[in-house]
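Q: Residue numbering for the sequence shown follows our numbering, beginning at 208 and increasing consecutively.
Glycine included, each C-beta is placed from N, C-alpha and C at the ideal position.
For clarity, every value in this text was computed on a predicted model and none was experimentally measured.
One structure, as structure tokens, below. Some questions next.
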Amino acid sequence: MGFHFSHLLLYEHALKSKSARARESVVSEMIRHSTAIVQLAMDTVDERTRHLTDHIYHMITFAAIVICRLSTAYQEQVASTHNIDELDSLVHDLVQWLYCIGLPCHAAHTLGNIIAKVHQKLRPRVEASPPDAPPDEILNDFNYYFPEFLGLGMSADGNWDLLSNMGFFPQSPESTRRPD
Numbered sequence: 208m209g210f211h212f213s214h215l216l217l218y219e220h221a222l223k224s225k226s227a228r229a230r231e232s233v234v235s236e237m238i239r240h241s242t243a244i245v246q247l248a249m250d251t252v253d254e255r256t257r258h259l260t261d262h263i264y265h266m267i268t269f270a271a272i273v274i275c276r277l278s279t280a281y282q283e284q285v286a287s288t289h290n291i292d293e294l295d296s297l298v299h300d301l302v303q304w305l306y307c308i309g310l311p312c313h314a315a316h317t318l319g320n321i322i323a324k325v326h327q328k329l330r331p332r333v334e335a336s337p338p339d340a341p342p343d344e345i346l347n348d349f350n351y352y353f354p355e356f357l358g359l360g361m362s363a364d365g366n367w368d369l370l371s372n373m374g375f376f377p378q379s380p381e382s383t384r385r386p387d
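Below, the structure written as structure tokens:
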């Protein structure tokens, strides 16, 4: 999983600096590594799965969000090499799998909610969010509580700048609000 994740991060950075022609292969590789991470996670379930460290769940979440983002922003390129309906189904299955891990307070449930909300935002025609997905105002506060590389502060077209403002301490939600 670490192998696929490291490649995914490198391709994410390379995606911004490539020409349109070179971007096609980068997008395809990003989808390949993202689906490998998600499938590896769901295929290797045992009694120890709920005891995995949170960073494993964050890698899985990042991979799912990359699938959602690329399926929206580069739909034609992704459709030429992958079945987009199957990718949407994979993201949906991942969310359901995360909901099955541990108690509702487990990180997997929270990250499943995040994936479901991002999927709904970027791919609104696919399906409605699960009934326990968080409202939009809660999702906005997740920027403070979760690493910036999840891309929750992304633009309307699903893009984000992976390396911008990547500090050790995120700003609190209160410090980003304007005074009245």
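Which class does R384 belong to by DSSP, given the choice of helix, strand or coil?
A: Residue placement at R384 cannot be trusted, given a pLDDT of 47 that sits under 50; what the coordinates show is reported in the next sentence. Of the three classes helix, strand and coil, the one that applies to R384 here is coil, per DSSP.
Q: Where S241 and V273 are concerned, what is the direct C-alpha to C-alpha distance, given to the nearest angstrom?
A: Their backbone Cα atoms lie some 7 angstroms apart in a straight line.
Q: For L305 versus A315, is the C-beta spacing smaller than 7 angstroms?
A: Contact flag set, yes.
Q: Measure the alpha-carbon distance for R332 versus H262 and round it to whole angstroms.
A: So the two alpha carbons sit approximately 30 angstroms from each other.
Q: Could you have a look at N290 and say whether DSSP puts it in helix, strand or coil?
A: Three-state result, N290: coil.
Q: Roughly how many angstroms lie between the CA atoms of T268 and T288, to the nearest whole one?
A: Cα-Cα distance, rounded: 22 angstroms.
Q: Express the C-alpha separation of R257 and A248 in angstroms, rounding to a whole number.
A: Distance between the alpha carbons of A248 and R257 is about 11 angstroms.
Q: Could you tell me the boundaries of the alpha helix (DSSP H) in which H258 lies?
A: It is not in any alpha helix (DSSP H) - H258 carries neither H nor E in the DSSP assignment.
Q: Apart from the five residues on each side of it in sequence, which residues of its chain come closer than 7 angstroms, Cβ to Cβ, to R384?
A: At R384, the pLDDT of 47 sits below 50, so the modelled position is not reliable and the matter cannot be decided from this model.
Q: Using only the alpha-carbon positions, how far apart do E236 and T251 sit?
A: Their backbone Cα atoms lie some 22 angstroms apart in a straight line.
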